[in-house]
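Take a look at the structure below.
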Amino acid sequence: MAGTGTGERVPDFSERVLRDALGRFATGVTVVTTMTPRGPLGITANSFASVSLAPPLVLWSPARKSRRFPAFEAAPFFAIHVLSAGQQGLAERFSLPGDGFAGVEFAAGLGETPLLSGCVARFECRHAAGHPGGDHLIVVGEVLRVHQADLPPLLYHRGAYCGLGGG
Ligand SMILES: Cc1cc2nc3c(=O)[nH]c(=O)nc-3n(C[C@H](O)[C@H](O)[C@H](O)COP(=O)(O)O)c2cc1C
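Start counting at 1 in the sequence shown, then tack on 569, and there's your number in our numbering.
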């Protein structure tokens, strides 16, 4: 990437190196869902973060190159599911091409948003704002409903799923 203006610097690292370094930040794993005119849609995402308690705001970042991007950019409501240790299969399923919902049971939440069960926490959100984030969009959600359960979380570190005390 070349610098184009005053003060810009040419990175002395490749995208691969940046990815690897970012991957050393251990995260939880979420599945973000929404209802579209074509049916339920989900995507595995670890860009989830808390933003604000009052008002209650969270964020996640869909990639602009994703086939799912237009639907998530336009979604007025969505749900963020923080996966439990036993839900690696869901994480794998919702990171593959397609909507991910074939054969998956779900309930209807706010705005008909598909809700998955068995997660550590779930945040039902209304789209509050979208901010530029390079090749991603930073989607801020106002949390309208919260669900939580005492289950161990699924974690992701250096490109692999793991659990607390493992990996
Ligand atoms: C652990 C994990 C975290 C991910 N986090 C994100 C994310 O935050 N944002 C995103 O757009 N894609 C993320 N992805 C990629 C998507 O899950 C999915 O693989 C990708 O959107 C597939 O491309 P498609 O949507 O064009 O089919 C993540 C994948 C994995 C396995």
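Glycine included, each C-beta is placed from N, C-alpha and C at the ideal position.
Check                                                                                                                                                                              : Outcome
In chain order, what residues of the same chain have a beta carbon less than 7 angstroms from the beta carbon of Asp-668, not counting five sequence neighbours either side?       : Gly-608, Pro-609, Leu-610, Gly-611
Would you say Arg-637 touches ligand 3, meaning its beta carbon is less than 7 angstroms from a heavy atom?                                                                        : This structure does not include ligand 3; its bound ligands are ligand 1.
Can you list, in chain order, the residues of its chain with a C-beta nearer than 6 angstroms to that of Cys-731? Leave out the 5 residues immediately preceding and following it. : Leu-724
Provide the residue span of the beta strand (DSSP E) that contains Glu-693, from first to last.                                                                                    : 690-702
Within the chosen definition, does the stretch 622-642 reach the stretch 671-685 through at least 3 CB pairs nearer than 8 angstroms?                                              : no
Can the beta-carbon of Arg-633 be found closer than 8 angstroms to that of Asp-704?                                                                                                : yes
Is Val-715 buried or exposed, if buried means 16 or more other CB atoms sit within 10 Å of its CB?                                                                                 : exposed
Keeping to the same chain, check which residues put their C-beta closer than 6 angstroms to that of His-700; ignore five residues upstream and five downstream.                    : Ile-707
Taking the alpha-carbon of Ser-616 as reference, which of Glu-577, Leu-652, Pro-722, Thr-599 has the nearest alpha-carbon?                                                         : Thr-599
Regarding Ser-616 and ligand 1, is the C-beta to nearest heavy atom distance less than 7 angstroms?                                                                                : yes
For Pro-666, which residues in the same chain have their Cβ closer than 8 angstroms to its Cβ, ignoring the five residues on either side in sequence?                              : Arg-636
Going by beta-carbon coordinates alone, are Ser-653 and Pro-580 separated by less than 8 angstroms?                                                                                : no
How should Val-601 be labelled, buried or exposed, when 16 other C-beta atoms within 10 angstroms of its C-beta is the threshold for buried?                                       : buried
Straight-line CA distance for Gly-735 to Ala-643?                                                                                                                                  : Bear in mind that a pLDDT of 49 at Gly-735, under 50, signals an unreliable position, so the number given afterwards is only what the model happens to contain. When rounded, the distance between both Cα atoms is 38 angstroms.
Taking only heavy atoms of ligand 1 into account, decide whether any of them is closer than 7 angstroms to the Cβ of Ile-612.                                                      : yes
Please find out if some non-hydrogen atom of ligand 1 comes closer than 7 angstroms to the beta-carbon of Pro-624.                                                                 : no
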